[in-house]
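Novice:
In our numbering, the protein residues as written are 1000 to 1940.
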């Protein structure tokens, strides 16, 4: 594998140059310049077009029309060709040979609306879409280079909430489309790559530079063609293909930097000493506890006239341990582990094509150093695709295959950097790792990151498909496609003997751990399509079958006792310790699907679409193995009506309405449709056959109570929307409202004790609603101008509400003491005691209701039920939600000639956050070890 990566890197380096092609034409004859003039008018109104661009093709010679649409231009040759262009109009070319006057009539250019988009098993014109679809192209992705294409689109797709994992270089993202639709967590969208539905595909596994376009199907009518796995929405990804033309070599590269902003402002060593002294002085004053200052600091202090302790000065002790090897310091642990990360991206693409064959080959390399030391993410990728046309273009065969190799180290030691006391050094005076002598036992985060830097995760991904298209007869065509998605994950971790001066140590133990996982899925899709266009009528239909199989096996092992701590030597097989652990994982399931879709348009004004899909899955019991998912949608292109002919400002106006059903199986744990038993329960035996002598049979126990009636979680969604465009699409956008109702949501309920042992069964027992609104708008100036700009903004909001739960699940199911399921509220709530200030005097403490641990300086909680006791059973209530009030983004695209710049902002507003870092830093010595560092604002308490 190392040789393969080395060779791949050399090839990338060899191709890593920008290729320029210069076309130099020498005219056969030189002729005198002459003048061409004329008038440019608009076709429908015959009105002049001021500001239209007129230039000589292949040169920089040009002009614009005046207020009356007139122009005059000197051309260099009889062979010159004039190019006429105007925003929202079709670009026209005209030869000047033999003429001196050229008047031009310009027609509307509806290219944007005529653009063909992929919507799942078929394509449609953008103008004819009746569902809710957000779209992005390769140019949108390349503006924010990332290993994960969806991270590059964060805040740019309406209704799509994309969050990152806090700077992890492994580039993981969470994608939520139109809010919550299950209690098992956010239902992931289905990702379809080049027509192949995938199982748990991580988009970091494929090169974002290979992506041509992304379509996000948001409403049920659009997504229902994917049925049982589409309740979380669908992301359709089309990769780049070869195009007709001569061989083209393209290089794209970028260098960027990343750093952590708004790091917590932790106390330095002196400030920590001040806080420690204040805490001791307060305890002495309030509780009469004698001053007991930490020996890790040198304090100078005195008592005032009232006998109270007053600090004069403080600094860390010269030595923190008796051996005098750990010197008192002033360490900023956050600065020690964080750095400015360099990110590089290189992509070489070679393509060519004729009317009989097209091909593309690409190489990619991406490296993100990571903002924490010794973390990184590297991606090496190769992609090839070909397409051949046979039998007079009636038969097409092709393939699209990609290979990626990932290496990453994604450790995160932020917590240790936050809590480690600042007086502790990184190293002792001998260069060994230092700990926190005199403080509680905290790990050195620099040691953790450094010692584990070679414990790298490796992952190989092979994904692709082969297809055959046959044009049968008069609009009837057939397609068969077989796709494979294979992954191989591998990690070997070596942890040697280590110690921290005055702090933690490994107790002389070391170990080797190994992990492997091999997921494999394959999809076989067969479709039959029909297309008919007869003047006023347009009909497109597709019917098909699809078979999916997923198999995964994993294995892990760990054993102690390495007698040579060398990574080239340290493997499980050479360990000698008696302590070991083994683990394994496996998963296997299949889907079998039938589907069909019909799109109809009358006069390009009245649009109708029907979809039906039936899915079967081995994940469910025999009673509910199959589910049917219908959908219908309609659209009315008002701008094409005769009464809109004189409304020139409106270039697009369409009303859309849709309804459909989707399903989800993501929340279903494996195996819970049946009831398994295990033998030898506490070594019991029983005479099952009635014999009282001889060998006795082992007893049995039930592992969990199965439910053969489990079925799909089903989401029904209604969507109302309007698409609009003005001034020949210089302004365009959409406004959508949706309402989703999810039935048969999976929940776990307590089992009846009288029925014996066994885990809690799963049932389809909850219902929930989700409604929201989305708005997006774009304004752009003349794209033919030297200075071009566009502004795009989107905003979305949703509200989720639980409407039905089993009685024995209410206020219990989440189980973390902070979030509970409450009828009439979102599942994403904070449910707890209400803080009511701080106890400042003993009188306040005495007069308050009974509260565990109440004392001066501690938090006072409200006694909501007024029974004189603060307890979690009766005094907890709703205190906030994690769902945002709004989320969205705004993008500014600026360009001048061949230079461009992109600026974007994205964010959320109105949500509450459970900030575990503040739990660590804001509470002094309450449920936390002493010696822990805190933020500076604790000095203002």
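The C-beta atom is built at its ideal place from N, Cα and C for all residues, glycine as well.
Computed from a prediction, not measured in an experiment: that's the story for all the values here.
Is the CB-CB distance between residue 1157 and residue 1775 below 8 Å?
Specialist: The residue labelled residue 1157 in the question sits at position 158 within the chain shown. The residue labelled residue 1775 in the question sits at position 776 within the chain shown. Yes, the Cβ-Cβ distance between residue 1157 and residue 1775 is below 8 Å.
Novice: Do the CB positions of residue 1564 and residue 1508 come within less than 8 Å of each other?
Specialist: Within the chain shown, numbered from 1, the residue matching residue 1564 stands at position 565. Within the chain shown, numbered from 1, the residue matching residue 1508 stands at position 509. By the CB criterion at 8 Å, residue 1564 and residue 1508 fall outside the cutoff.
Novice: Between the Cα of residue 1103 and the Cα atoms of 1039, 1579 and 1478, which residue gives the shortest distance?
Specialist: Walking along the chain shown from the start, residue 1103 turns up at place 104. Answer by Cα proximity: 1039.
Novice: If you pair each beta-carbon of the segment 1411-1419 with each one of the segment 1377-1395, do three or more pairs fall below 8 Å?
Specialist: no
Novice: Which term fits residue 1587, buried or exposed, when burial requires 16 or more other beta carbons within 10 angstroms of its beta carbon?
Specialist: Residue mapping note: residue 1587 aligns to position 588 of the chain shown, counting from 1. Exposed, by the Cβ-count rule.
Novice: Which residue comes first and which comes last in the beta strand (DSSP E) that contains residue 1432?
Specialist: The residue labelled residue 1432 in the question sits at position 433 within the chain shown. Where residue 1432 is concerned, there is no enclosing beta strand (DSSP E), given that its DSSP letter is neither H nor E.
Novice: Quick check on this structure: which residue in 1230, 1433 and 1277 has the alpha carbon closest to the alpha carbon of residue 1325?
Specialist: Here residue 1325 is taken as the residue at index 326 of the chain shown, counted from 1. Nearest option by C-alpha distance: 1433.
Novice: Measuring alpha carbon to alpha carbon, tell me which residue in 1733, 1307, 1335 and 1253 is nearest residue 1278.
Specialist: Counting from one through the chain shown, the residue named residue 1278 turns up at place 279. With distances taken between Cα atoms, residue 1278 lies closest to 1307.
Novice: Looking only at its chain, what residues have a beta carbon closer than 6 Å to the beta carbon of residue 1616, apart from the 5 residues adjacent to it on each side?
Specialist: Sequence index remark: in the chain shown, residue 1616 carries index 617 (1-based). Closer than 6 Å at the Cβ level, and outside the excluded window around residue 1616, lie 1590.
Novice: Quick check: residue 1274 and residue 1422, are their CB atoms within less than 8 Å of each other?
Specialist: Taking the first residue of the chain shown as position 1, residue 1274 is located at position 275. Taking the first residue of the chain shown as position 1, residue 1422 is located at position 423. Not closer than 8 Å, so no.
Novice: May I ask you to report which of helix, strand or coil DSSP gives residue 1703?
Specialist: For the purposes of this step, residue 1703 is identified with residue 704 of the chain shown, where counting begins at 1. The answer is strand: DSSP assigns residue 1703 an E or B state.
Novice: Tell me which residues share the same chain as residue 1030 and place their Cβ nearer than 7 Å to its Cβ, disregarding the 5 neighbours each side in the sequence.
Specialist: Here the question's residue 1030 lines up with position 31 in the chain shown. Bear in mind that a pLDDT of 45 at residue 1030, under 50, signals an unreliable position, so the number given afterwards is only what the model happens to contain. Within the same chain, residue 1030 has close Cβ partners 1076 and 1077.
Novice: Quick one: using the 10 Å Cβ neighbour count with 16 as the cut-off for buried, is residue 1643 buried or exposed?
Specialist: For the purposes of this step, residue 1643 is taken as residue 644 along the chain shown, with counting starting at 1. By the neighbour-count rule (16 or more Cβ atoms within 10 Å), residue 1643 is not buried but exposed.
Novice: Excluding sequence positions up to five away, which residues of its chain have a Cβ less than 8 Å from the Cβ of residue 1814?
Specialist: Taking the chain shown and counting its residues from 1, one reaches residue 1814 at position 815. Residue confidence for residue 1814 is low, a pLDDT of 42 falling below 50, so the modelled location carries little weight; the figure read from the coordinates is stated next. Cβ neighbours of residue 1814 beyond the five flanking positions: none.
Novice: May I have the straight-line CA-CA distance separating residue 1378 from residue 1217, to the nearest angstrom?
Specialist: Position 379 of the chain shown, counted from the start, is the residue given in the question as residue 1378. Position 218 of the chain shown, counted from the start, is the residue given in the question as residue 1217. So the two alpha carbons sit approximately 30 Å from each other.
Novice: Measure the alpha-carbon distance for residue 1248 versus residue 1468 and round it to whole angstroms.
Specialist: For the purposes of this step, residue 1248 is taken as the residue at position 249 of the chain shown. For the purposes of this step, residue 1468 is taken as the residue at position 469 of the chain shown. For residue 1248 and residue 1468, the distance between alpha carbons rounds to 28 Å.
Novice: Using DSSP with H/G/I as helix, E/B as strand and the rest coil, what is residue 1146?
Specialist: If you number the chain shown from 1, residue 1146 lands on position 147. Coil, per DSSP.
Novice: CB-CB under 6 Å to residue 1583, same chain, minus the five flanking residues each way: which ones, in chain order?
Specialist: The residue you call residue 1583 lines up with position 584 of the chain shown. 1554.
Novice: Would you tell me roughly how many angstroms separate the C-alpha atoms of residue 1879 and residue 1829, rounded to the nearest one?
Specialist: The count along the chain shown starts at 1 and reaches residue 1879 at position 880. The count along the chain shown starts at 1 and reaches residue 1829 at position 830. Going from the Cα of residue 1879 to the Cα of residue 1829 covers about 5 Å.
Novice: With 16 as the cutoff for other CB atoms within 10 Å, does residue 1026 come out buried or exposed?
Specialist: Position 27 of the chain shown holds residue 1026. Summary for residue 1026: the model assigns pLDDT 37, below 50, so the residue's position carries little reliability, and this model does not support an answer.
Novice: Tell me whether residue 1071 sits in a helix, a strand or coil according to DSSP, three-state version.
Specialist: As a first step, residue 1071 must be located in the chain shown, where it is residue number 72. Residue state, collapsed to three classes: strand.
Novice: Can you tell me whether residue 1841 is buried or exposed? The criterion is at least 16 other CB atoms within 10 Å of its CB, across all chains shown.
Specialist: Locating residue 1841 in the chain shown gives position 842, counting from the first residue. Classification of residue 1841: exposed, given that the 10 Å Cβ count is below 16.
Novice: Per DSSP, which residues does residue 1858 bridge with? Please list them.
Specialist: Residue 1858 sits at position 859 when you count from the first residue of the chain shown. In DSSP, residue 1858 forms a bridge with 1837.
Novice: Between the beta-carbon of residue 1251 and the beta-carbon of residue 1208, is there less than 8 Å?
Specialist: Within the chain shown, residue 1251 is the residue found at index 252, counting from 1. Within the chain shown, residue 1208 is the residue found at index 209, counting from 1. Yes, the Cβ-Cβ distance between residue 1251 and residue 1208 is below 8 Å.
Novice: Drop a sphere of 10 angstroms on the beta-carbon of residue 1743, count the other beta-carbons inside from all chains shown, and report buried for 16 or more, exposed for fewer.
Specialist: Within the chain shown, numbered from 1, the residue matching residue 1743 stands at position 744. Looking at its Cβ environment, which holds 16 or more other Cβ atoms inside 10 Å, residue 1743 is buried.
Novice: By DSSP, does residue 1062 sit in helix, in strand, or in coil?
Specialist: Here residue 1062 is taken as the residue at index 63 of the chain shown, counted from 1. Residue 1062: strand per DSSP, three-state reduction.
Novice: How would you call residue 1446, buried or exposed, if buried means at least 16 neighbouring beta carbons within 10 angstroms?
Specialist: Numbered from its first residue, the chain shown carries residue 1446 at position 447. When all chains shown are included, residue 1446 counts as buried.
Novice: Would a C-beta distance cut-off of 8 Å place residue 1436 and residue 1500 closer than the cut-off?
Specialist: On the chain shown, residue 1436 is found 437 positions in, with the first residue counted as 1. On the chain shown, residue 1500 is found 501 positions in, with the first residue counted as 1. Contact: yes.
Novice: Grab the span of the alpha helix (DSSP H) containing residue 1193 for me, first residue to last.
Specialist: By one-based count along the chain shown, residue 1193 stands at place 194. That residue, residue 1193, is in no alpha helix (DSSP H); it is neither H nor E in DSSP.
Novice: Could you please give the first and the last residue of the uninterrupted beta strand (DSSP E) stretch that includes residue 1790?
Specialist: Taking the chain shown and counting its residues from 1, one reaches residue 1790 at position 791. Taken as a continuous stretch (DSSP letters only), the beta strand (DSSP E) holding residue 1790 covers 1786-1803.
Novice: For a test of the three-state rule: what should DSSP assign to residue 1368, helix, strand or coil?
Specialist: The residue labelled residue 1368 in the question sits at position 369 within the chain shown. Three-state DSSP puts residue 1368 in coil, outside helix and strand.
Novice: For residue 1105, collect the residues of the same chain with a Cβ closer than 8 Å to its Cβ; drop the 5 residues on either side in sequence, then sort them by chain order.
Specialist: Counted from its first residue, the chain shown places residue 1105 at position 106. 1039, 1040, 1041, 1042, 1048, 1051, 1083, 1085, 1088, 1089 and 1091, listed in sequence order.
Novice: Note the first and the last residue of the continuous alpha helix (DSSP H) segment covering residue 1272.
Specialist: Residue 1272 sits at position 273 when you count from the first residue of the chain shown. Here the alpha helix (DSSP H) through residue 1272 covers 1268-1286.
Novice: In angstroms with no decimal places, state the Cα-to-Cα distance between residue 1327 and residue 1861.
Specialist: Within the chain shown, numbered from 1, the residue matching residue 1327 stands at position 328. Within the chain shown, numbered from 1, the residue matching residue 1861 stands at position 862. Roughly 44 Å separates the two Cα atoms.
Novice: Residue 1718: buried (16+ other C-beta within 10 angstroms of its C-beta) or exposed?
Specialist: On the chain shown, position 719 is the one that residue 1718 refers to. Per the 10 Å Cβ criterion, buried.
Novice: Mind checking whether residue 1237 and residue 1118 have CB atoms under 8 Å apart?
Specialist: The residue labelled residue 1237 in the question sits at position 238 within the chain shown. The residue labelled residue 1118 in the question sits at position 119 within the chain shown. No. Outside cutoff.
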